[in-house]
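Chemist: Have a look at the structure that comes next, please.
2 protein chains.
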Amino acid sequence: MPKLPPLNALRAFEAAARHEGFIGAAEELHVTRGAVSRHVKLLEHHLGVPLFRRHAQGVSLSEAGRRLMPVLTESFARIAAEAERIASDALDLHIICPPATSIRWLLPRLDRFRARHPDIQVRLTTDFHCDTMFNGVEYDLGFSIENQPTRAPNIAVQGLFGVRMSPACSPAYRASHPLERPEDLAQADLLHETPRHGDWTDWLATFPVTGVDPAQGHDFANLDLATRAAVMGTGVVMADLMLCRDELEAGTLVLPFPEMVSDSPLGGICLLGMADKWDLPKVRLFRDWVAEEVAG
Amino acid sequence: MPKLPPLNALRAFEAAARHEGFIGAAEELHVTRGAVSRHVKLLEHHLGVPLFRRHAQGVSLSEAGRRLMPVLTESFARIAAEAERIASDALDLHIICPPATSIRWLLPRLDRFRARHPDIQVRLTTDFHCDTMFNGVEYDLGFSIENQPTRAPNIAVQGLFGVRMSPACSPAYRASHPLERPEDLAQADLLHETPRHGDWTDWLATFPVTGVDPAQGHDFANLDLATRAAVMGTGVVMADLMLCRDELEAGTLVLPFPEMVSDSPLGGICLLGMADKWDLPKVRLFRDWVAEEVAG
DNA sequence: ATCATGGATCAGGTAATCTGATCCAAGGTG
DNA sequence: CACCTTGGATCAGATTACCTGATCCATGAT
Numbered sequence: 000m001p002k003l004p005p006l007n008a009l010r011a012f013e014a015a016a017r018h019e020g021f022i023g024a025a026e027e028l029h030v031t032r033g034a035v036s037r038h039v040k041l042l043e044h045h046l047g048v049p050l051f052r053r054h055a056q057g058v059s060l061s062e063a064g065r066r067l068m069p070v071l072t073e074s075f076a077r078i079a080a081e082a083e084r085i086a087s088d089a090l091d092l093h094i095i096c097p098p099a100t101s102i103r104w105l106l107p108r109l110d111r112f113r114a115r116h117p118d119i120q121v122r123l124t125t126d127f128h129c130d131t132m133f134n135g136v137e138y139d140l141g142f143s144i145e146n147q148p149t150r151a152p153n154i155a156v157q158g159l160f161g162v163r164m165s166p167a168c169s170p171a172y173r174a175s176h177p178l179e180r181p182e183d184l185a186q187a188d189l190l191h192e193t194p195r196h197g198d199w200t201d202w203l204a205t206f207p208v209t210g211v212d213p214a215q216g217h218d219f220a221n222l223d224l225a226t227r228a229a230v231m232g233t234g235v236v237m238a239d240l241m242l243c244r245d246e247l248e249a250g251t252l253v254l255p256f257p258e259m260v261s262d263s264p265l266g267g268i269c270l271l272g273m274a275d276k277w278d279l280p281k282v283r284l285f286r287d288w289v290a291e292e293v294a295g
Numbered sequence: 000m001p002k003l004p005p006l007n008a009l010r011a012f013e014a015a016a017r018h019e020g021f022i023g024a025a026e027e028l029h030v031t032r033g034a035v036s037r038h039v040k041l042l043e044h045h046l047g048v049p050l051f052r053r054h055a056q057g058v059s060l061s062e063a064g065r066r067l068m069p070v071l072t073e074s075f076a077r078i079a080a081e082a083e084r085i086a087s088d089a090l091d092l093h094i095i096c097p098p099a100t101s102i103r104w105l106l107p108r109l110d111r112f113r114a115r116h117p118d119i120q121v122r123l124t125t126d127f128h129c130d131t132m133f134n135g136v137e138y139d140l141g142f143s144i145e146n147q148p149t150r151a152p153n154i155a156v157q158g159l160f161g162v163r164m165s166p167a168c169s170p171a172y173r174a175s176h177p178l179e180r181p182e183d184l185a186q187a188d189l190l191h192e193t194p195r196h197g198d199w200t201d202w203l204a205t206f207p208v209t210g211v212d213p214a215q216g217h218d219f220a221n222l223d224l225a226t227r228a229a230v231m232g233t234g235v236v237m238a239d240l241m242l243c244r245d246e247l248e249a250g251t252l253v254l255p256f257p258e259m260v261s262d263s264p265l266g267g268i269c270l271l272g273m274a275d276k277w278d279l280p281k282v283r284l285f286r287d288w289v290a291e292e293v294a295g
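Protein sequences appear in the order of chains A and B.
With numbering that gives the first Met the number 0, letter number 56 in the first sequence gets 55, and the count goes up by one each step, no holes.
With numbering that gives the first Met the number 0, letter number 136 in the second sequence gets 135, and the count goes up by one each step, no holes.
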């Protein structure tokens, strides 16, 4: 097995060869010329050959130096490039988040994370992934719901907050439609976050109301659109109280039956991530930050 | 310009990755496991990613480690191989030497050099090169004669000993042939080191002897063969006193005219070498040794 | 339950490395 | 031709990085 010469001496020599002088190398390495001179001499002594011809002004590569330099330059460049890529990947945080959670919770807060960790590049993909399996290769972290049946092995989970649902509509809609009693929902326009109508079905399972057909009403592509339709007075949405906090505080959405709040049977919002990425610095920083945002 | 991570840490990581454990790496690098552990951690901190997954027993490469390792292994191997080649070339001493000087002077002494510098591999080529130009690329040093007209630029010269010539023959030849006076050489069988007959011509220029034809006699390929023919009683050789010292001391060769010794007009034996190899350690060691042998 | 394995960690000592001043040789300049 | 500039060599002393060796800890095997 061939023995490797002193690596720091090799680096000093490579820099000196590239700069065609010790002073340039010294500047690049942030050391004095004496240090470079010493490194080069050490390497020459190790190899038993002069690597430079010394002139009055500067140096020039010897035969041996001319053979050694390109190997070093290329090798160091490859190592540096790969290290660079790994290090930058370490600061590239890919997150996937469902639309409503993304628009209504994550995006308004994300600037605070970016301000705290300006070196971490957050790449947010706003899309569903709950019904499909979480792609732990492509994404470092994913927002999801806890009781997801299909879940790959080696997935770590961090719970964030529960999902509490209750019907909500605009004040104008309540004024123009009878919503005194839950049974009045039978005549209301139900707004669905998906064509599955699971939101209303689940809520009606907790609060059985006779005469209400969970299949009735309008379908939207996601909860955010359904909620915005509700704000516009289109009907009654099964609102996520956490995600609609702004509208509820501003009064653009109201709860006709504020006591009838159900916990989603799918469980709360959580973070998913592959186990072997779970403790990467960038992942841990994001998880800690999210936990802080949830708590604060 | 990408910055290079700490090189010693890279080496420690590479060894640990190859051995799939810190203990093996520690043995290879002749350090303790703590040192390896420290290096790996330093590198992980530098890159911002774990390179190993730590288990109860041993470690395994993480995604980032799996990407980094092959680059390092390959680069280090290439560097080590090139360094190895350069270092071994530094101990590979190619010498060319004319036959007589080789057989009669250098070879009997060369073992002393090899004993003193057992790491230096001496590659001796015994062949003429005086009439052609000395090949300073192929050979680190060449034995030659000083007054060589064709000589490449940047060739350094180190004089060794003068060449002193006088006719010599075996005692039997002298007993059976009249060699009382120089003029008796006209009837003797002259032995020539080359078909050029320069040896006898030069000597006759110093000591003009009437009646002697320098073209007469037998030709040999080199001075050694001509000398050995003289020992066998074939005739009279123009002997190099330094190269025939053994025969003269043993009495197998005698000088009929011991006062008639000429200095060769071609000058003495010398060492040639390209100027930029002249001070290579292996070259300097050989030159110093030769000078010592000449003096001692 | 106990031991063996393999890594993490820490304080302390040592050796490698760097600094900064000085010296030197050669080429450029007026 | 004296002078200055450039670029490397060298040295003593300071500093830093590195290694050691002991201890600790988690886990899997006996």
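For each residue, glycine too, the CB sits at the ideal point set by N, CA and C.
Bear in mind that the values here come from a model prediction, so they are computed numbers and not experimental data.
1) Please check the pair A/H365 and A/R113, which I expect to be a contact at CB under 8 Å, by giving their CB distance rounded to whole angstroms.
2) Here's a check: name, in chain order, each residue in its chain whose Cβ is nearer than 8 Å to the Cβ of B/E13, leaving out the five neighbours to either side.
3) Can you tell me whether A/E137 is buried or exposed, with buried defined as 16 or more other CB within 10 angstroms of its CB?
4) Only counting the same chain, and skipping five residues up and downstream in sequence, which positions put a Cβ closer than 6 Å to that of B/N146?
5) Run through DSSP, which three-state label would A/M68 get?
6) Could you round the C-beta distance between B/W288 and B/R180 to whole angstroms and report it? I think they count as a contact, below 8 Å.
7) List the residues of chain A that B/G272 touches, going by C-beta distances under 8 Å, in chain order.
8) Of the residues that make up the stretch 85 to 105 of chain B, which ones have a beta carbon closer than 7 Å to any beta carbon in chain A?
9) A/G250 touches chain B at which residues, Cβ-Cβ below 8 Å?
10) For the stretch 147 to 213 of chain A, which segments carrying the beta strand (DSSP E) assignment without a break, of at least 3 residues, lie completely within its bounds, in sequence order?
11) Taking only beta carbons into account, state which residues of the stretch 48 to 59 of chain A come closer than 8 Å to chain B, listed in chain order.
12) Helix, strand or coil: which one does DSSP assign to A/F51?
13) Where does A/M231 land, buried or exposed, given buried means 16+ other C-beta within 10 angstroms?
14) Closer than 7 Å between beta carbons: that is the criterion. Which residues of the stretch 274 to 287 of chain A meet it against chain B?
15) To be precise: take each residue of the stretch 71 to 82 of chain B, compare its Cβ to all Cβ atoms of chain A, and keep it if any distance is under 9 Å. Which residues remain?
16) Residues of chain B with CB under 8 Å from A/K40, in chain order?
17) Using the C-alpha atoms, what's the distance from B/L28 back to B/R17?
18) Can you look up A/G57 in the DSSP assignment and give me helix, strand or coil?
19) Taking only beta-carbon atoms, is A/A303 less than 7 Å away from chain B?
20) In angstroms with no decimal places, state the Cα-to-Cα distance between A/F256 and A/I95.
21) Do A/L159 and A/I268 have their CB atoms nearer than 7 Å?
22) Have a look at the DSSP bridge pairing and note the partners of B/D218.
23) Check each candidate in A/T233, A/N221, A/T193 and name the one with the smallest Cα separation from A/R173.
24) According to DSSP, is A/F256 part of a helix, a strand, or is it coil?
25) Entirely within the stretch 4 to 55 of chain B and at least 3 residues each: give me those beta strand (DSSP E) ranges in chain order.
26) So what does DSSP say about B/T125, is it helix, strand or coil?
27) Around the C-beta of B/K2, are 16 or more other C-beta atoms found within 10 angstroms, so that it is buried, or is it exposed?
28) Which of the three DSSP states, helix, strand or coil, is assigned to A/L106?
29) So which residues on chain B does A/P4 lean against when the C-beta distance must stay under 9 Å?
30) Thinking C-beta only, is A/V35 closer than 7 Å to A/F51?
31) Mind listing which residues of the stretch 161 to 193 of chain A have their C-beta closer than 7 Å to chain B's C-betas, in chain order?
32) Need the endpoints of the beta strand (DSSP E) that B/V235 sits in, please.
33) List the residues of chain A that B/N7 touches, going by C-beta distances under 7 Å, in chain order.
34) The beta strand (DSSP E) with B/F133 in it runs from where to where?
35) Please classify B/D261: does DSSP put it in a helix, a strand, or coil?
36) Between A/A274 and A/A89, which are expected to be in contact by the criterion C-beta below 8 Å, what is the C-beta distance as a whole number of angstroms?
Modeler: With the structure as the only source:
1) Nothing about residue 365 of chain A can be reported from this structure: the residues present for chain A run from 0 to 295 only.
2) Translated into positions along the second sequence, residue 13 of chain B becomes position 14. Excluding residues within five positions, the ones whose Cβ falls inside 8 Å are M68, L71, T72, F75.
3) In the first sequence, the residue the question calls residue 137 of chain A occupies position 138. Exposed: under 16 other Cβ atoms inside 10 Å.
4) Translated into positions along the second sequence, residue 146 of chain B becomes position 147. The residues L265, G266, in chain order, have a CB closer than 6 Å to that of B/N146 in the same chain once the five nearest residues on each side in sequence are set aside.
5) Counted from its first residue, the first sequence places residue 68 of chain A at position 69. The answer is helix: DSSP assigns A/M68 an H, G or I state.
6) Position 289 of the second sequence, counted from the start, is the residue given in the question as residue 288 of chain B. Position 181 of the second sequence, counted from the start, is the residue given in the question as residue 180 of chain B. At roughly 44 Å, the Cβ-Cβ gap does not stay under 8 Å, so B/W288 and B/R180 are not in contact.
7) In the second sequence, residue 272 of chain B corresponds to position 273, counting from 1. Simply none; closest approach about 13 Å.
8) Within the stretch 85 to 105 of chain B, the qualifying residues are I85, A86, A89, L90.
9) As a position in the first sequence, residue 250 of chain A is number 251, starting the count at 1. Within chain B, no residue comes near A/G250; the closest Cβ sits about 46 Å away, beyond 8 Å.
10) Every beta strand (DSSP E) stretch that sits fully inside the stretch 147 to 213 of chain A and reaches 3 residues is listed by chain position as 154 to 160, 163 to 167, 189 to 191.
11) Flagged, chain order: V48, P49, R52.
12) Counting from one through the first sequence, the residue named residue 51 of chain A turns up at place 52. Here A/F51 sits in strand by DSSP.
13) Here residue 231 of chain A corresponds to residue number 232 of the first sequence, with the count starting at 1. With fewer than 16 Cβ atoms within 10 Å of its Cβ, A/M231 is classed as exposed.
14) The residues in question are D275, L279, P280.
15) Those would be L71, E73, S74, F75, A76, R77, I78, A79, A80, E81, A82, in chain order.
16) Taking the first residue of the first sequence as 1, we reach residue 40 of chain A at position 41. For the C-beta of A/K40, not a single chain B residue is nearer than 8 Å; the gap to the nearest is close to 13 Å.
17) Locating residue 17 of chain B in the second sequence gives position 18, where the first residue counts as 1. Locating residue 28 of chain B in the second sequence gives position 29, where the first residue counts as 1. B/R17 and B/L28 have their C-alpha atoms some 12 Å from each other.
18) Here residue 57 of chain A refers to the residue found at position 58 when the first sequence is read from its first residue. DSSP places A/G57 in coil when its eight states are reduced to three.
19) Beyond the ends of chain A as shown, which are 0 and 295, falls residue 303 of chain A; an answer cannot be given.
20) Along the first sequence, read from residue 1 onward, the residue named residue 256 of chain A stands at position 257. Along the first sequence, read from residue 1 onward, the residue named residue 95 of chain A stands at position 96. A direct Cα-Cα distance of roughly 33 Å separates A/F256 from A/I95.
21) Start at 1 with the first residue of the first sequence, and residue 159 of chain A comes out as number 160. Start at 1 with the first residue of the first sequence, and residue 268 of chain A comes out as number 269. Yes, these two residues count as a Cβ contact at 7 Å.
22) Numbered from 1 along the second sequence, position 219 holds the residue referred to as residue 218 of chain B. Answer is B/H191.
23) The sequence position of residue 173 of chain A within the first sequence is 174, counting from 1. Its Cα nearest to that of A/R173, the residue A/T233 stands out among A/T233, A/N221, A/T193.
24) Sequence index remark: in the first sequence, residue 256 of chain A carries index 257 (1-based). Reduced to three states, the DSSP call for A/F256 is coil.
25) Along the length of the stretch 4 to 55 of chain B, whole beta strand (DSSP E) runs at least 3 residues long occupy 51 to 53, reported in chain order.
26) In the second sequence, counting from the first residue as 1, residue 125 of chain B sits at position 126. If DSSP states are grouped into helix, strand and coil, B/T125 belongs with the strands.
27) Along the second sequence, read from residue 1 onward, the residue named residue 2 of chain B stands at position 3. Counting other Cβ atoms within 10 Å of its Cβ, B/K2 stays below 16 and is therefore classed as exposed.
28) As a first step, residue 106 of chain A must be located in the first sequence, where it is residue number 107. In this structure, A/L106 counts as helix in the three-state DSSP scheme.
29) Working through the first sequence from its first residue, we reach residue 4 of chain A at position 5. A/P4 reaches chain B at I78, A79, A82, A86, counting residues in chain order whose Cβ is nearer than 9 Å.
30) For this step, residue 51 of chain A is matched to residue 52 along the first sequence. For this step, residue 35 of chain A is matched to residue 36 along the first sequence. No, these two residues do not count as a Cβ contact at 7 Å.
31) Residues passing the 7 Å Cβ filter: none.
32) Against the second sequence, residue 235 of chain B aligns to sequence position 236. Here the beta strand (DSSP E) through B/V235 covers 235 to 239.
33) In the second sequence, counting from the first residue as 1, residue 7 of chain B sits at position 8. Counting only Cβ-Cβ distances below 7 Å, B/N7 has contacts in chain A at L6, in chain order.
34) Numbered from its first residue, the second sequence carries residue 133 of chain B at position 134. For B/F133, there is no enclosing beta strand (DSSP E), since its DSSP letter is neither H nor E.
35) Numbered from its first residue, the second sequence carries residue 261 of chain B at position 262. Just to set this straight, residue 261 of chain B is Ser in the shown sequence, not Asp. In the structure shown, B/S261 adopts extended strand secondary structure according to DSSP, grouped into three states.
36) Within the first sequence, numbered from 1, the residue matching residue 274 of chain A stands at position 275. Within the first sequence, numbered from 1, the residue matching residue 89 of chain A stands at position 90. Taking a contact as a CB-CB distance under 8 Å, the pair A/A274 and A/A89 does not count as one, their CB atoms being some 17 Å apart.
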